[in-house]
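Everything on this sheet refers to the single structure shown next.
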Amino acid sequence: MNKENKFMRGIVIGALIGAAASLLDKQTRDDVMQCGKKATSKVKEYAKNPSDLTNDVKQTFTHMTDSVKELSDDITFVNERVKELKEATPQIVTMLQETKEHFTKNN
Numbered sequence: 049m050n051k052e053n054k055f056m057r058g059i060v061i062g063a064l065i066g067a068a069a070s071l072l073d074k075q076t077r078d079d080v081m082q083c084g085k086k087a088t089s090k091v092k093e094y095a096k097n098p099s100d101l102t103n104d105v106k107q108t109f110t111h112m113t114d115s116v117k118e119l120s121d122d123i124t125f126v127n128e129r130v131k132e133l134k135e136a137t138p139q140i141v142t143m144l145q146e147t148k149e150h151f152t153k154n155n
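When we follow the numbering used here, the leftmost residue of the sequence shown carries the number 49, and every step to the right adds one.
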């Protein structure tokens with residue numbers, strides 16, 4: 049058995065042990081049961097009305113696309129401000145040096 053197989057087996061065994069240990073807690077068991085019931089209910093609903101699944105997927109995709117577009121716009125805005133700041137910084141440094149020289153000459 050090669051190292052990759054041992055590694056993957058170790059990951060799976062670790063995940064199973066972790067899942068089993070977490071189920072020792074009653075609240076976790078209740079949460080898992082509730083989540084399972086909701087998932088089962090949703091699968092049954094989609095089985096009866098496949099068009100609902102299609103609509104939900106389209107709606108989620110549209111929402112994600114809008115979010116990505118908004119994030120892209122925000123990143124572009126920040127990049128533009130950083131560029132402006134980089135361009136303005138040498139001018140500001142020069143002005144500060146001139147001001148400092150003016151006041152040090154007068155003292």
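We put the beta carbon where it would ideally sit given N, CA and C, even for glycine.
In the three-state reduction of the DSSP assignment, N103 falls in the helix class, which pools H, G and I.
The straight-line gap separating the alpha-carbon atoms of L71 and T113 is approximately 37 Å. Boundaries of the alpha helix (DSSP H) harbouring D79: K74 to K96, taken from the DSSP string. In its chain, beyond the 5 residues on either side, no residue has a beta carbon closer than 7 Å to the beta carbon of T137. Apart from the 5 residues on each side of it in sequence, K106 has no Cβ closer than 7 Å to any other Cβ in its chain.
The three-state reading of DSSP puts L71 in coil, since its state is none of H, G, I, E or B.
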